[in-house]
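Asks: Before we start, here is the structure in question, set down as structure tokens.
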Amino acid sequence: MVATIEEDLQMDASAPESPRTARELFDALPPLPGFRAEVIEGKLIVSPMGSPEHAWMAVALHDTLRPLAHERGWRGAPGLLNVCIAGPRDSLVPDYTLTPPACPRWGEGELLSSGLIMVAEIVSPGSVRVDREDKPRLYAVGRVPVYLLVDPIGETPGVTVFSDIKDGAYQTTTRVAMGSPITLPPPVDTKLDTSIFMA
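The UniProt record's numbering puts the first residue of the sequence shown at 1, with every later residue one more than the last.
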């Protein structure tokens, strides 16, 4: 009887530990084609990828900023990259990410937020609170210089730029109605015609 208990204890000791946090569970997930897995303020959130219109807006932004990125030696990607938020280690998948060529990483699969130039999110019916409230806070804590929020579903569709981080919060917020030009501040430092999101 004693031998059996000892064998059971040895088997338990050699078994892999179960994830104890949302981040540990995220790290253990296999690829989930067609889904977006994010850790937002300590919660694992798995949601379906956005609608075609959602994807087209991200691609329109990518296409518009591609010449600027090429000129400056940067890289842009619509909705494909995981970003680890420096500090809390939350993991987000922005709808668009603009990076320097040697952006620091967290492990193999995630870019470190403090090395990014800009991120953008496109609000969808299932992401209203997260994109409008949680992500501005997380991107500021993670020291992302510019956060562009495209909100086609608001009462008045619009585009908002968050910038000028101080004490872990964005100090400057600029909003325009969809279709109006908006300035993307340094380090991006360019004007964006937001009518690209209305096509």
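From the three backbone atoms N, C-alpha and C, an ideal C-beta is built for every residue, glycine too.
1. Under a three-way DSSP split, which group does residue 199 fall into?
2. I believe residue 201 touches residue 141 by the beta-carbon criterion, under 8 Å. Please report the beta-carbon distance rounded to the nearest angstrom.
3. Could you tell me if residue 35 is buried or exposed, where buried requires 16 or more neighbouring beta carbons within 10 angstroms of its beta carbon?
4. Residues in the same chain with beta-carbon distance under 7 Å from residue 9, minus the five sequence neighbours each way, listed in chain order, please.
5. What does DSSP give as the partner residue(s) for residue 165 in the beta ladder?
6. Could you tell me the alpha carbon to alpha carbon distance between residue 162 and residue 16, rounded to whole angstroms?
7. Can you give me the Cβ contacts of residue 91 inside the same chain, cut-off strictly under 8 Å, excluding the 5 residues immediately before and after it?
8. Our contact map puts residue 146 next to residue 184 with C-beta atoms below 8 Å; I'd like the distance itself, whole angstroms only.
9. Considering residue 22, what are the terminal residues of the alpha helix (DSSP H) in which it resides?
10. Would you tell me roughly how many angstroms separate the C-alpha atoms of residue 93 and residue 79, rounded to the nearest one?
11. Where are the alpha helix (DSSP H) runs, 4 residues long or more, that stay fully inside the region 102 to 161, in chain order?
12. Starting from the C-beta of residue 126, find all residues in its chain whose C-beta is less than 7 Å away, skip the five residues before and the five after it, and write them out in chain order.
13. Under 8 Å between the Cβ atoms of residue 176 and residue 156?
14. DSSP state of residue 236, grouped into three classes?
15. I need the straight-line Cα distance from residue 58 to residue 20, nearest angstrom please.
Replies: According to the structure data:
1. coil
2. Nothing about residue 201 can be reported from this structure: the residues present for the chain run from 1 to 199 only.
3. With fewer than 16 other beta carbons inside 10 angstroms of its own, residue 35 counts as exposed.
4. Note that residue 9 has pLDDT 47, beneath the 50 cutoff, so the model's placement of it is unreliable and no number is given.
5. 170
6. About 42 Å.
7. 23, 26, 37, 38, 39, 82, 83, 84, 85, 110
8. 6 Å
9. 22 to 28
10. 6 Å
11. 135 to 141
12. 47
13. no
14. Shown here, the chain extends from 1 to 199; a query on residue 236 therefore has no answer.
15. 34 Å
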